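There are 2 protein chains.
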Amino acid sequence: MSDFVKIAVDAMGGDNSPNKIIEGIIHNHKKNKNVFFKIFGIKDKIEEIIDKKIDKNFYEIIHTENFVLSSDSPLEAAKKGKNTSMWLAIESVKKKNADIVISAGNTGALLVIAKLNLNMIQNIDKPALSALWPNKNGMSVVLDLGANIDCSSKNLFDFSIMGAALYTSLYPNEKPNIGLLNIGSEELKGNETIKETFQILNEKKSNNYNFAGYIEGNQIMDGDINVIISDGFTGNIALKTAEGTANFIVRELKKTMSNSIFGKLSAFLNFSNLNKFKKRLDPRLYNGAIFLGLDSPVVKSHGGTDFIGFSNSLDVCNKIVKGNLIEKIKRNI
Amino acid sequence: MSDFVKIAVDAMGGDNSPNKIIEGIIHNHKKNKNVFFKIFGIKDKIEEIIDKKIDKNFYEIIHTENFVLSSDSPLEAAKKGKNTSMWLAIESVKKKNADIVISAGNTGALLVIAKLNLNMIQNIDKPALSALWPNKNGMSVVLDLGANIDCSSKNLFDFSIMGAALYTSLYPNEKPNIGLLNIGSEELKGNETIKETFQILNEKKSNNYNFAGYIEGNQIMDGDINVIISDGFTGNIALKTAEGTANFIVRELKKTMSNSIFGKLSAFLNFSNLNKFKKRLDPRLYNGAIFLGLDSPVVKSHGGTDFIGFSNSLDVCNKIVKGNLIEKIKRNI
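Protein chains in written order, with numbering that gives the first Met the number 0: chain A, 0 to 332; chain B, 0 to 332.
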């Protein structure tokens with residue numbers, strides 16, 4: 000069992016839980032036989048779905064009827080006590096009974112309960128929320144996406160180290176290019192914090208990444224930069240603006256395509272190509288935000304994703320554990 | 000002649016100038032016969048293009064061979080003296096020989112030379128850069144897009160007044176909804192400046208706009224909010240991220256569409272629908288940024304647009320003058 004990656008799963012978070020969570024586990028198990036799932040939630044409901052789909056050697060259900068709601072404030076969620084499925088899942092990582100924890104539940108609650116249970120990695124002051132972002136060549140890692148509104152240059156430098164470690168955990172053979180999100184590519188532009196961070200990254204050379212300078216919003220998806228660093232306010236607005244823009248374009252495109260019989264016909268003919276396009280940009284591929292800075296890895300799946308999206312997040316968990324993410328961060332900080 | 004809108008045009012800015020500028024004027028003149036153009040630049044070149052295309056009663060060429068380059072820093076541009084086409088065009092607005100000035104040249108230079116020549120509107124501390132942004136129902140006004148990295152709540156409040164005035168100049172029969180760009184819709188989220196601005200906008204009721212609270216990045220294109228307020232750093236990153244996302248999707252779509260004979264065929268069949276789609280999102284429709292806060296209106300056309308894009312910016316100039324933008328701002332500030 001020691002070669003197994005042990006994933007602690009909060010089965011009660013997100014829309015349509017625990018169904019999609021358990022179906023995600025079943026889907027993932029078909030691809031990966033090296034994962035053991037510690038599943039936290041209502042035992043009867045979970046058993047009903049998982050029973051006979053996965054051999055019992057690959058999972059364990061820890062029963063609890065208490066769980067965090069998406070409408071709970073982080074404080075309310077924490078006050079629900081130590082036997083919510085979210086708390087228990089995080090605690091199992093703290094106790095080294097699992098390697099990583101994942102939840103599709105309330106993001107704020109997950110961050111707060113994780114911070115209550117887990118220690119920060121030494122010399123890191125603030126945890127960051129990172130995610131995968133599609134680009135021309137594949138995916139980039141972007142952080143922070145909203146955990147920290149105000150960031151110092153030290154914070155942004157820490158984010159760079161953590162982002163690079165995450166990237167090389169996911170893509171072990173690559174040396175990432177790091178870029179600082181700014182409003183111009185000239186050294187003089189941007190606020191004081193960004194300019195200071197530029198200086199720090201420029202001076203502290205590293206074998207683990209290349210510092211590529213500033214990156215503007217319109218370059219995020221060009222694919223030249225693998226790790227994009229920002230304070231949480233800017234990063235969150237960039238991420239959500241990109242989501243909104245993508246949704247808008249796809250909606251407009253559909254509307255146009257179905258505007259006439261002729262359009263419908265050709266859209267039908269083009270079905271397989273459009274499907275390839277949709278597949279390439281499928282948000283389920285980029286599902287999952289990763290909390291960085293705590294001494295155990297914590298992954299947040301999107302609450303609205305389906306079982307395939309959740310299964311993709313389990314892949315990310317798998318890669319993070321096999322890539323020794325936390326060790327990589329500790330070595331480089 | 001008094002009913003004429005007088006537009007001072009810097010003919011020497013942007014790619015392929017003065018050709019596209021003059022062709023834009025010719026294109027615009029076909030639609031609007033109420034505009035008189037004061038054109039600043041190299042007389043021979045301009046005359047060669049405009050001659051006999053427009054009756055001489057509708058334009059005047061003010062010759063200068065000195066002009067600002069796109070590679071000039073704002074300081075270098077200002078140091079080129081008072082006879083660059085950009086300076087002269089701005090000066091003609093200052094001297095009330097024109098109602099509005101437009102340039103497709105160097106943005107930083109335009110902002111600095113405009114600030115050197117024109118006064119700020121009383122009680123406004125910082126000018127802002129605003130632009131039109133497509134949404135589900137039409138267009139929104141977004142500001143600031145990069146003129147001010149650090150903004151106080153007073154600045155953001157001023158931007159709201161100016162943005163609402165711009166919106167009602169462009170859409171005279173509408174009362175705009177104003178939203179503050181933030182990372183959550185709850186009152187508690189965001190930095191101190193944003194929370195203070197929320198309070199100010201909430202307390203100071205106005206007949207000229209409705210304050211709709213916070214707006215997140217993914218809601219910008221939903222069309223419910225007409226004026227979106229942000230500091231220049233965040234606004235610039237949001238705008239450029241949206242541009243980058245749109246370019247990425249359209250590029251991926253094209254790639255997918257032309258991947259097979261079948262795809263090419265159906266893309267061909269769908270040509271007219273795709274064209275409608277492209278038309279709806281044509282960046283030339285949203286061309287032109289508007290500097291707000293100075294006591295005369297200054298419009299920046301995108302340097303890379305073509306003559307149709309430039310002609311669209313001339314429409315914006317026309318509406319701004321007819322909508323009494325500056326008076327509207329002065330009345331409401």
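Glycine included, every Cβ here is placed at the ideal spot set by N, Cα and C.
All values derive from a computational prediction rather than experimental measurement.
Output yes if chain A places a C-beta closer than 9 Å to the C-beta of residue i; else output no.
i                 : result
PRO133 of chain B : yes
GLU242 of chain B : yes
LYS239 of chain B : yes
Taking the alpha helix (DSSP H) that residue i falls in, what are its first and last residues?
i                 : result
ASP157 of chain B : 152-169
ALA88 of chain B  : 84-93
GLY23 of chain A  : 18-30
SER312 of chain B : 306-321
ASN207 of chain B : Note, ASN207 of chain B: premise wrong, no alpha helix (DSSP H); not H, not E.
LEU200 of chain A : 191-202
ILE328 of chain A : 324-331
LEU74 of chain A  : 73-78
Rounded to whole angstroms, what is the Cα-Cα separation between residue i and residue j?
i                 : j                 : result
ASP223 of chain B : ARG330 of chain B : 26 Å
VAL100 of chain A : GLY322 of chain B : 58 Å
SER300 of chain A : PHE36 of chain A  : 16 Å
LYS254 of chain A : PHE247 of chain A : 11 Å
GLN198 of chain B : ALA241 of chain B : 29 Å
ALA113 of chain A : ASP124 of chain B : 44 Å
VAL249 of chain B : GLY40 of chain A  : 43 Å
GLU46 of chain A  : LEU117 of chain A : 29 Å
ALA127 of chain A : PHE290 of chain A : 6 Å
ASN33 of chain B  : LEU142 of chain A : 51 Å
HIS28 of chain A  : ASN147 of chain A : 35 Å
THR83 of chain B  : VAL226 of chain A : 43 Å
ILE325 of chain B : PRO171 of chain B : 14 Å
LYS42 of chain A  : HIS62 of chain A  : 5 Å
PHE156 of chain A : ILE236 of chain A : 20 Å
ILE48 of chain B  : ILE21 of chain B  : 7 Å
LEU74 of chain A  : ALA108 of chain A : 7 Å
TYR285 of chain A : LEU238 of chain A : 12 Å
VAL140 of chain B : SER72 of chain A  : 33 Å
SER16 of chain A  : GLU90 of chain A  : 20 Å
LYS44 of chain A  : GLY308 of chain A : 21 Å
GLY13 of chain B  : VAL297 of chain A : 49 Å
LYS52 of chain B  : TYR58 of chain B  : 11 Å
LEU179 of chain A : ILE219 of chain A : 10 Å
MET0 of chain A   : ASN56 of chain A  : Annotation note: pLDDT 44 at MET0 of chain A (below 50); position unreliable, coordinate value reported separately. Their backbone Cα atoms lie some 9 Å apart in a straight line.
SER102 of chain A : GLY302 of chain B : 47 Å
ASP221 of chain B : ASN181 of chain B : 15 Å
Run down chain A in chain order and give the residues with a C-beta less than 7 Å from the C-beta of residue i.
i                 : result
PHE3 of chain B   : What PHE3 of chain B touches in chain A: nothing, since even the nearest Cβ is about 38 Å away.
ILE182 of chain B : GLY145, PHE232, ASN235 and ILE236
Whose Cβ in chain C lies nearer than 7 Å to the Cβ of residue i?
i                 : result
GLU215 of chain A : Looking for chain C here will not work: the only protein chains present are A and B.
Would you mind telling me which residues of chain B sit closer than 7 Å to residue i, beta carbon to beta carbon, in chain order?
i                 : result
ASN190 of chain A : ILE148, ASP149 and PHE232
ALA245 of chain A : THR244 and ILE248
Less than 9 Å between CB atoms is the rule here; does residue i satisfy it with respect to chain B?
i                 : result
LEU252 of chain A : yes
Could you give the residue range of the beta strand (DSSP E) that holds residue i?
i                 : result
SER300 of chain A : Per DSSP, SER300 of chain A belongs to no beta strand (DSSP E) and is neither H nor E.
VAL34 of chain A  : 34-40
VAL111 of chain A : Segment 106-116 is the alpha helix (DSSP H) holding VAL111 of chain A; no beta strand (DSSP E) there.
ASN176 of chain A : 176-180
ILE227 of chain A : 226-228
PRO133 of chain A : 127-133
ALA288 of chain B : 288-291
GLU59 of chain A  : 58-62
Residues from the stretch 218-235 of chain B in contact with chain A, defined by Cβ distance under 7 Å
Those would be GLN218, ILE219, MET220, PHE232, THR233 and ASN235, in chain order.
Residues, ordered as in the chain, of the stretch 142-154 of chain B that lie near chain A by beta-carbon distance below 8 Å:
Residues of the stretch 142-154 of chain B whose Cβ lies closer than 8 Å to any Cβ of chain A, in chain order: GLY145, ILE148 and ASP149.
Going along the stretch 3-20 of chain A in order, which residues come within less than 8 Å of chain B, judged by CB to CB distance?
Listed by position, the residues of the stretch 3-20 of chain A near chain B (Cβ gap below 8 Å) amount to none.
Note down, in chain order, all residues in the stretch 80-109 of chain A with a beta-carbon under 7 Å from any beta-carbon belonging to chain B.
The residues in question: there are none.
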